[in-house]
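So the sequence lines, in the order shown, correspond to chains V, U, P and C.
When the letters of the first sequence are read in order and numbered with the working numbering, they come out as residues 861 to 1270.
When the letters of the second sequence are read in order and numbered with the working numbering, they come out as residues 861 to 1270.
When the letters of the third sequence are read in order and numbered with the working numbering, they come out as residues 861 to 1270.
When the letters of the fourth sequence are read in order and numbered with the working numbering, they come out as residues 861 to 1270.
All C-beta atoms, glycine included, are put in the ideal place defined by N, C-alpha and C.
Since this is a predicted model, take the numbers as computed values, not measurements.
Number of protein chains: 4
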Amino acid sequence: MATEQVELRGHIIDSLILAKVMDVIIDAGADYRLVEVDIGRTNTDQSRAVIEVTTGDDSSLEALLDELHVHGANRIDPGTADVSPVEVDGVLPPGFYSTTNLPTWVRLGQRWWPVGNPEMDCALVASEGQPGEWVARTVPMHRVCAGDLVVVGHSGVRVEAPNRPRGATPFEFMTSEVSSEKPKALIVAEVAERVRRARSQPGAKVLAVCGPAVIHTGAGPDVARLVAAGWIDLLFAGNGFATHDIESNVLGTSLGVSVGEGTVVEGGHANHLRAINEIRRYGSIAAAVEAGYLRGGVMYECVRAGVPFVLGGSLRDDGPLPDVITDVVAAADAMRSLLPGVSVALMLASTLHAIATGNLLPAWVETFCVDINQAVVTKLADRGSHQALGVVTDVGLFIRGLCDQLCPPA
Amino acid sequence: MATEQVELRGHIIDSLILAKVMDVIIDAGADYRLVEVDIGRTNTDQSRAVIEVTTGDDSSLEALLDELHVHGANRIDPGTADVSPVEVDGVLPPGFYSTTNLPTWVRLGQRWWPVGNPEMDCALVASEGQPGEWVARTVPMHRVCAGDLVVVGHSGVRVEAPNRPRGATPFEFMTSEVSSEKPKALIVAEVAERVRRARSQPGAKVLAVCGPAVIHTGAGPDVARLVAAGWIDLLFAGNGFATHDIESNVLGTSLGVSVGEGTVVEGGHANHLRAINEIRRYGSIAAAVEAGYLRGGVMYECVRAGVPFVLGGSLRDDGPLPDVITDVVAAADAMRSLLPGVSVALMLASTLHAIATGNLLPAWVETFCVDINQAVVTKLADRGSHQALGVVTDVGLFIRGLCDQLCPPA
Amino acid sequence: MATEQVELRGHIIDSLILAKVMDVIIDAGADYRLVEVDIGRTNTDQSRAVIEVTTGDDSSLEALLDELHVHGANRIDPGTADVSPVEVDGVLPPGFYSTTNLPTWVRLGQRWWPVGNPEMDCALVASEGQPGEWVARTVPMHRVCAGDLVVVGHSGVRVEAPNRPRGATPFEFMTSEVSSEKPKALIVAEVAERVRRARSQPGAKVLAVCGPAVIHTGAGPDVARLVAAGWIDLLFAGNGFATHDIESNVLGTSLGVSVGEGTVVEGGHANHLRAINEIRRYGSIAAAVEAGYLRGGVMYECVRAGVPFVLGGSLRDDGPLPDVITDVVAAADAMRSLLPGVSVALMLASTLHAIATGNLLPAWVETFCVDINQAVVTKLADRGSHQALGVVTDVGLFIRGLCDQLCPPA
Amino acid sequence: MATEQVELRGHIIDSLILAKVMDVIIDAGADYRLVEVDIGRTNTDQSRAVIEVTTGDDSSLEALLDELHVHGANRIDPGTADVSPVEVDGVLPPGFYSTTNLPTWVRLGQRWWPVGNPEMDCALVASEGQPGEWVARTVPMHRVCAGDLVVVGHSGVRVEAPNRPRGATPFEFMTSEVSSEKPKALIVAEVAERVRRARSQPGAKVLAVCGPAVIHTGAGPDVARLVAAGWIDLLFAGNGFATHDIESNVLGTSLGVSVGEGTVVEGGHANHLRAINEIRRYGSIAAAVEAGYLRGGVMYECVRAGVPFVLGGSLRDDGPLPDVITDVVAAADAMRSLLPGVSVALMLASTLHAIATGNLLPAWVETFCVDINQAVVTKLADRGSHQALGVVTDVGLFIRGLCDQLCPPA
């Protein structure tokens, strides 16, 4: 028998954290006893619980504590972090601490140090700057180098439990999903409000992650307006989105469907290849803009406004465009480097890039996943990102509405 | 071995009728030989094919010809119709001819008589008016009466092959479905155009079939505007739609969600019951309108504008409202009686009522099924109605767009 | 300002009841204060909370308490029930108490009386047997009669909070749905276990609610085996299910697809009509069994084993079969009358009948909704029935597995 | 006005080719006239049609002919191929011919040369071996090199129209999708039969493309059995599939769900990272097998049986495993190099890898896309691959059935 006490703090009842922790313990076949419970009396008070967890042996206890950490449960006696050096580049020491995307602190040299860039499923690398001064950062497995000091075990790591935003909202309880049967105009207005609120904070950025259906559904011009009007600070997409955006602006089609007319235009099936080929000839999207070849659309507005973008490669890419980062590990690293400061993320009809982005985001980023397919929305909204909210709707009509809210005609 | 020749006429290539007929024959394990083929040279010319069908025996041939009839294939030698009397009310004679929803003629007394109200899966009842003058009509099984003369076998029945409308359209080839990835603004404009075109024909009616999600998604006021502006001639719905429409106008909520605010209002879960109870107290929706209790919404506008409606009962109904026809057979009969003249049907986020309506419509009614769930759209669009077109989108945003097209603000 | 204290008892943390109650209060724009909290120390201990709720005025407080009742929150001072007589048949007095499907007690004449048959969205009718002896029962709106005494307001009604079954299970936390990505063999085994467990309790019944896809996916023979082997005590379905079951046994097809071969057989499209017509000729399914016309399938096994069934009508019905109750209000009443004793409900690829059944079931019935369409499963599992669990899978393959577990070949 | 005659040969009626060609012409706003039509008299006879196409100008005619080529329509006077040299590596000459995935011939030096490896959306590169002897091959854009001779325009390129396999099958007409309502046991048997038939041809290979849900649904052991029994010749997957396969064999879990028990096991969330880290320590999956660390599962059986696999990288990858090709262009090239000889492709619960693979396959490869999500199946089955057939079902139960058919217990 092995036993340990963990502590939860925050809105642990209404953010469902306490219930989830109990559930994880029971599902693991372990037992709990509530040692202390101090429930906040009102909506704004914080709560606190101390839970004693008992399992069959030390190793299952370690594993369970690891799991509970994801939900914000810290050991009562956190101890001091143990570190172990990396022996081979890209391979972690056994027993490495696997990060959550919650706000995290590490105790090294008797003090707690904040981890600057929380990201799920990374290692914690600690380095001593001046003697006694430690810096701790999340590092993905492939980037650890021989000699890096990596935190191992759970001692000396503390996280802050996630808190769902509360207050009367059109969003639903206990679900990360807005049903297709809810009034969408209200949801559009709420998302617009969240974007406005984010932008009113100094340094806060809005990230858009776009899939090709944004263009197919006719929403390209609306996203372009949002970029031109300064509402989007950062764009992540793939070869498909950028190609169809460029194709529809250069050749007036998306996948051979005329976006203006909705009818198949001549020259259909090879159009996207021709668009890619021309951009390859210019060498980059920016060069094609400069040369006057590309004169409208989302990518054009990004170039004009200096909005940074990452086009991450995928296996199904034709061409690809010269701006696409074909090495996916390098592409994810490029995305990582731009994320600091993002406070709202809009995932628009994207599966692959949205999941990839969600994996990189800290838990506090407000994330809205918009897709017409409920299964995609569920998948996105369920992936660990405690803050992700799915909206099941037609992405073309949704973005039109968002644009009407944020960029009303003069 | 049994053999018969059948004939196809019309746009049998581009409406896929010939291919479908070949497919049915092969799937039945039978053989065909094309005896004559005369393909229209241009887009507007009709084509004609004579096909010799061979099966193992007479009974399988009969069965196969029955199946081919649904696709517009008539016997070369149609013969004369055989009729047999009904012996027991509501029970058809063995071997009864089962109708298609195509334009149909019956040969009785050496002449071809048109069947006035084609409907799928009915019997053909023939009656002699003046001597030598026959009237043929489709009658559902439950309404045949002892003594009615019912057509049996396939002799003497001719149908007209369905023709898909052609021309450059935003709708797709060989599929009865508009993908969720198509530009929806174009589709909305096209549907609005079809409604306008229908209304420009004398006597043509537009039918709306509405599910509760129309109200939940906030589109109730838009449908009410369409009714008030005279775009809807006929409404089919159920207890749920009417209740939530009334509830949202009387109490400002739909299923406990405030449609204005998107937030749950107090008094939620029982609101729909209270709304139903009050209408029951008044005795009918019209009485509640007259008494000033109900002062807005779709049902209110129907009462004011004299737009007839059928509220068909379903097992899950609470209450129900006094206007609901709780006997489903009687409800379907009420729907039937209102269908003559309908030329466009809009199925809006309705499954049950849309399928029920689709079963009753002749093949020539242009039908648009709008739902966010692809599986529902597929189911509706595939059910025999050759003319049904599914649109996968958010019904609330779709109706908003349709309303903007048809009832623009002054 | 209006204030009242409510109490929650049970597994209010891990069944999420406390969090849900807080959520409802905040969503209603009201405030709460936790007056007392006593959290169970271990997994098996019950918890208790007293919450003071404050709203702007008395009427909004009444409405909010009504809402909280659905989640198991009772007033601290429950008072005594007020009753008011029905004046017109089928119309409730204003302010009627609208029932939940939780275990319920009513206080009349200074004592608490249990409500025998909890059902959502009904009235509570109280009648005095012997002086001082009260009987309370749920009565749907349409069945109240002039003179019935109906409980009005919230005083004197107490409910028991729902408790989700706990323990290590393959089912997920906080969601009423099993993802399509979970190992289905385990889920099948778990459902089989729940059925076995239910059957081991004296008097407990298993209800199957079947949609037509059960037959289309080839699972008809498996359901028939389950009926024959005594695992199903009660069957609810519609005209479509029964017709396709009979058609596939009499004519070897379901909707014109040969179930044995998967190929379209001759005589397809009218087959279901012919099957219905023959049963109409016999007068009932039982008569057709007795006459030797129907010799296999689910309906046949129900007749043979004396398993009661309700075939509830729906608007889209062809025929219908003579056993179909075409008045939906009468059909729901027939279903109601058979429900006492049901402890497990299997909803198999049914939407309409499953929702209708779910509305009638008390909260304690374990309900499994199996469908391939996630949206349908979500809809079913979310409808108030706290205990419903959705399984997204292929219903044909699921039932095959269930049958293998419960009726293994000798 | 510009005019040209094109010819279609093959099963142009029942494979819907003629109808599709007419549709493309009308949708492009052009006109057609059928110059000759010779329809095969029976199911096995070929048909032939000559169609005169008229458009407004030469450039729109060129574009339309390009589009018609995808559907198998060749010019009556095919002329001789024009070639143009590549000037910059990876950039095609303007007007390059964009390939279809149909069997293709190029006319160079007065003779027709077959194109060995048809692939959609590539260039045709021609090279002269011995004088007068030409070799033509498809080359993706990124691999053309300065100096390569690329076919430009449409002259001198001929394709063979696709033919859908006919005969009585459980698969449906005009749709590339098996509805979720069809009897799945029949579909499983049919797919097993197609696999057997493929394997009976000398040199024919069966390709499996697997997504992570294969493991999550518990089908990993079944796929491993299929590999071990020699039914799978080639495996394409991603980091997720391989990781969860390895994790479930090394640690007994998939994404923290115990596959044996269906319950969350301790050590959950970081398990996949630990599995990846260990394989990285060994340097490759094969090395981990050799060292005895990995002792079961799909990847293990592939290593043992020498079945080649490509693990293509994607943006969302954790780790990744050392075998993952992180450059997506290189990964697609690796997949390309293994495709010759593939005659059946099974796409199992994979979206990204399935689409990527479908883009690379010639039109004649029989492809089965199995997924529980109808939208995914539709997307896969619709992407140009004329031969792809979608099956909407639970992939875990489907593979279990396939395994029972192909690897019955002794």
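Contacts around residue i, its chain only, beta-carbon distance under 8 angstroms, and the 5 residues preceding and following it disregarded
i                       : result
residue 1165 of chain C : 1087, 1088, 1090
residue 862 of chain V  : 914, 915, 916, 917, 918, 920, 921
residue 1016 of chain C : 938, 939, 940, 941, 942, 966, 967, 968
residue 1265 of chain C : 1048, 1049, 1052
Residue i: contacting residues in chain V (beta-carbon distance under 8 angstroms)
i                       : result
residue 1211 of chain U : Neighbours of residue 1211 of chain U on chain V: none; closest Cβ ~13 angstroms, over 8 angstroms.
residue 1260 of chain C : Correct list: empty, because the minimum Cβ distance to chain V is about 22 angstroms.
residue 910 of chain U  : By Cβ distance, chain V contributes nothing, its closest Cβ being about 34 angstroms from residue 910 of chain U, past 8 angstroms.
For residue i, the nearest candidate out of the options (CA to CA)
i                       : options                     : result
residue 1170 of chain C : C:1153, C:1214, C:1136      : C:1214
residue 998 of chain U  : U:881, U:1054, U:894, U:973 : U:973
residue 910 of chain P  : P:1141, P:892, P:923        : P:892
residue 1256 of chain C : C:930, C:1071, C:1055       : C:1071
residue 1056 of chain U : U:1076, U:1023, U:1093      : U:1093
residue 1095 of chain C : C:1132, C:1252, C:1162      : C:1162
residue 975 of chain P  : P:1133, P:995, P:884        : P:995
residue 1223 of chain V : V:978, V:950, V:1006        : V:978
residue 1081 of chain P : P:1106, P:934, P:1129       : P:1106
residue 1337 of chain U : P:1225, P:1134, P:987       : The requested residue 1337 of chain U does not occur in the structure, where chain U is confined to residues 861 to 1270.
residue 1075 of chain U : U:1262, U:907, U:1209       : U:1209
Interface partners of residue i on chain V, CB under 9 angstroms
i                      : result
residue 902 of chain P : 891, 892, 893, 894
Residues near residue i by beta carbon distance below 6 angstroms, same chain, minus five either side
i                       : result
residue 905 of chain P  : none
residue 1008 of chain C : 946, 985
residue 1000 of chain V : 982
residue 989 of chain U  : 995
Nonlocal neighbours in the same chain, by C-beta distance under 7 angstroms from residue i, ignoring five residues either side
i                       : result
residue 1122 of chain C : Low local confidence applies: a pLDDT of 49 at residue 1122 of chain C is under 50, so the model's placement there is unreliable, and no value is given.
Paired residues, beta bridge with residue i - DSSP
i                       : result
residue 963 of chain P  : Paired residue(s): none; residue 963 of chain P is not in a bridge.
residue 937 of chain V  : In the DSSP output, where bridge partners are listed per residue, residue 937 of chain V has none listed.
residue 1273 of chain P : What is shown of chain P runs 861 to 1270, which leaves residue 1273 of chain P out entirely.
residue 888 of chain C  : Looking at the DSSP assignment, residue 888 of chain C forms no beta bridge with any residue, so it has no partner.
residue 875 of chain C  : In DSSP, residue 875 of chain C forms no bridge with anything.
residue 998 of chain U  : U:984
Listed by chain order, chain U residues near residue i by CB distance under 7 angstroms
i                       : result
residue 1215 of chain P : 1176
Boundaries (first-last residue) of the alpha helix (DSSP H) holding residue i
i                       : result
residue 1081 of chain P : 1080 to 1088
residue 1096 of chain C : Run containing residue 1096 of chain C: none in the alpha helix (DSSP H); it sits in the beta strand (DSSP E), 1094 to 1098.
residue 1193 of chain P : 1188 to 1198
The beta strand (DSSP E) enclosing residue i, as first and last residue numbers
i                       : result
residue 1229 of chain U : 1226 to 1231
residue 863 of chain U  : 862 to 870
Neighbour list for residue i in chain V, Cβ cutoff strictly below 7 angstroms
i                       : result
residue 1186 of chain C : 1187, 1188, 1189
Neighbouring residues, chain C, relative to residue i (Cβ below 8 angstroms)
i                       : result
residue 1219 of chain V : 1176, 1178
Closer than 9 angstroms at the beta carbon, the chain C residues around residue i
i                       : result
residue 1058 of chain V : What residue 1058 of chain V touches in chain C: nothing, since even the nearest Cβ is about 24 angstroms away.
Listed by chain order, chain U residues near residue i by CB distance under 9 angstroms
i                       : result
residue 1078 of chain V : 1042, 1043, 1044, 1045, 1046
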